[in-house]
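Notes for the one structure printed next.
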Ligand SMILES: Nc1ncnc2c1ncn2[C@@H]1O[C@H](COP(=O)(O)OP(=O)(O)O)[C@@H](O)[C@H]1O
Ligand SMILES: O=c1ccn([C@@H]2O[C@H](COP(=O)(O)OP(=O)(O)O)[C@@H](O)[C@H]2O)c(=O)[nH]1
């Protein structure tokens with residue numbers, strides 16, 4: 001059998017994708033499908049660090065937050081990621097995968113705080129580490145948290161599992177003529193203002209020479225193909 005292409009990865013799971021077809025919240029079937037993919041990868045012995053978003057529960061820049069102080073709205077968004085992280089860890093437990101949630105903001109009665117050496121220890125022990133509360137700072141995104149934590153744990157790649165199947169020349173939800181890139185450089189993605197990830201996340205990965213693979217979270221088998229180094233999604237490279 002062929003071997004996985006990576007030993008340690010940082011997987012960014014979209015919060016918004018957790019809704020499935022629901023208007024908000026966590027869709028049971030969707031989270032179970034995501035976790036089944038994660039379990040398959042974990043069984044191959046790939047060390048998995050996960051950053052989960054929160055857009056399904058709360059998005060700091062959403063209309064619902066209009067008129068709110070931006071930083072306050074962002075803290076609500078970070079708390080939403082903690083809820084998703086707990087749901088994800090629990091769903092993993094159901095399929096026999098051991099996960100540990102670590103939060104970037106102090107909330108000790110609920111989850112343990114992020115401590116880098118502890119996270120590294122868990123990864124070495126084969127546990128899935130779920131990083132909650134983003135970077136712990138307002139004005140950032142969980143994509144930037146993925147770039148940051150990915151760098152901190154020396155992941156070989158950031159895998160962005162999202163609603164689209166890669167990086168397009170324009171937002172494919174708005175422009176039907178947008179074309180899919182199989183690879184694109186960080187500089188080009190930033191220069192073209194491609195919104196699939198924010199510029200802060202792109203720039204951090206570029207500076208740390210940490211490649212990103214963008215792929216569909218809903219396409220069956222896509223995560224496994226990415227892990228095996230097969231042609232899937234878009235590689236963003238230095
Ligand atoms: N050039 C582009 N290529 C691909 N997707 C894009 C692009 N520009 C904007 N998008 C949008 O970015 C979204 C993914 O980013 P984001 O909303 O941050 O999702 P996530 O919930 O995965 O963090 C996609 O749903 C897509 O509609
Ligand atoms: O470091 C961070 C990460 C997240 N957020 C807030 O949390 C929300 C949810 O995260 P994100 O939008 O990245 O989640 P996703 O796109 O994956 O659903 C964001 O809109 C921000 O308001 C934040 O303030 N700082």
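In the working numbering, the protein residues as written are 1 to 238.
Every residue, glycine too, gets a C-beta built ideally from N, C-alpha and C.
Check                                                                                                    : Outcome
Rounded straight-line distance, which links the Cα of residue 118 to that of residue 45                  : 19 Å
Residue 167 in three-state terms, based on DSSP                                                          : coil
Helix, strand or coil at residue 82 according to DSSP, with G and I counted as helix                     : helix
Option in 34, 88 and 48 with minimal Cα separation from residue 111                                      : 88
The beta strand (DSSP E) enclosing residue 9, as first and last residue numbers                          : 8-13
Inter-residue CB distance, residue 38 and residue 129 (contact presumed, cutoff 8 Å)                     : That belief does not hold up - the Cβ atoms of residue 38 and residue 129 are roughly 12 Å apart, past 8 Å.
Touching by the beta-carbon criterion (3+ pairs, under 8 Å), the region 49-61 and the region 143-153     : yes
Coil, strand or helix - residue 151 by DSSP                                                              : helix
Opposing strand residues paired with residue 100 [DSSP bridges]                                          : 129
Residue 36 - containing alpha helix (DSSP H), residue span                                               : 28-43
Neighbour-count burial assignment, residue 160, 16 or more Cβ in a 10 Å radius                           : buried
Close Cβ partners of residue 224 (< 8 Å) along its chain, the five nearest in sequence each way excluded : 37, 40 and 41
Simplified DSSP assignment, three categories, for residue 47                                             : strand
Beta-carbon proximity check, residue 240 vs residue 165, cutoff 7 Å                                      : Coverage of the chain is limited to positions 1 through 238, which leaves residue 240 absent and any answer about it impossible.
heavy atom of ligand 1 below 6 Å from residue 121 C-beta                                                 : no
Nearest-angstrom Cα separation, counted from residue 23 out to residue 56                                : 8 Å
Beta-carbon separation (whole angstroms), residue 54 vs residue 17, contact threshold 8 Å                : Wrong, their Cβ atoms sit about 12 Å apart, outside the cutoff.
Integer-rounded CB distance, given that residue 132 should sit under 8 Å from residue 101                : 5 Å
Pair within 7 Å by beta-carbon distance, residue 226 and residue 184                                     : no
Rounded C-alpha distance that separates residue 60 from residue 197                                      : 16 Å
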